[in-house]
């Protein structure tokens with residue numbers, strides 16, 4: 001009879017069996033900020049290149065969000081996508097945010113006004 005190992009591996013991960021899951025890992029959460037508004041998988045994330053203080057995320061829930069990294073505050077939602085948002089990024093000067101989804105819809109947002117400035121399908 002094999003004994004189950006209770007201690008974590010050398011990286012500190014503890015493997016715990018879960019019903020219906022072939023393999024799962026739980027470990028310490030060392031994150032400094034957690035964004036919780038996505039209701040499904042997050043497919044992309046990008047940091048603003050000018051100040052590295054903002055992030056844009058896009059996901060399977062057809063949503064994209066712009067966040068402040070220091071405290072995780074939502075600055076605005078990039079609304080209007082009808083399919084999973086798979087790409088998102090900032091312009092070189094961090095004034096614009098571009099998002100794209102699986103349907104081929106591209107949108108550009110003005111960071112200062114939080115308004116959509118361009119859309120193309």
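In the UniProt record's numbering, the protein residues as written are 1 to 121. C-beta: ideal position from N, C-alpha, C; glycine also. Here the structure is a predicted model, which means the values were calculated and not measured.
Enclosing beta strand (DSSP E) for residue 89 [first to last residue]: As a position in the chain shown, residue 89 is number 89, starting the count at 1. Secondary structure note for residue 89: its beta strand (DSSP E) is the uninterrupted segment 85-90.
Cβ of residue 113 within 8 Å of any chain C Cβ: Looking at the structure shown, chain C is missing, and only one protein chain is on hand.
Sequence-distant residues of the same chain with beta carbon closer than 6 Å to residue 5, five excluded per side: Numbered from its first residue, the chain shown carries residue 5 at position 5. Note on residue 5: pLDDT 46, under 50, position unreliable in the model; no value is reported.
Cβ neighbour criterion (16 or more within 10 Å) applied to residue 109: To locate residue 109, count along the chain shown from 1; it is residue 109. Burial is judged here by how many other beta carbons sit within 10 angstroms of a residue's own beta carbon; residue 109 has at least 16 and is buried.
Assumed close pair residue 69, residue 79 - CB separation to whole angstroms, cut-off 8 Å: Start at 1 with the first residue of the chain shown, and residue 69 comes out as number 69. Start at 1 with the first residue of the chain shown, and residue 79 comes out as number 79. Taking a contact as a CB-CB distance under 8 Å, the pair residue 69 and residue 79 does not count as one, their CB atoms being some 21 Å apart.
Collapsed DSSP secondary structure at residue 78 in the structure displayed: Residue 78 sits at position 78 when you count from the first residue of the chain shown. Here residue 78 sits in coil by DSSP.
Range of the contiguous beta strand (DSSP E) that encloses residue 96: Looking up residue 96 in the chain shown gives position 96. Note, residue 96: beta strand (DSSP E), 96-101.
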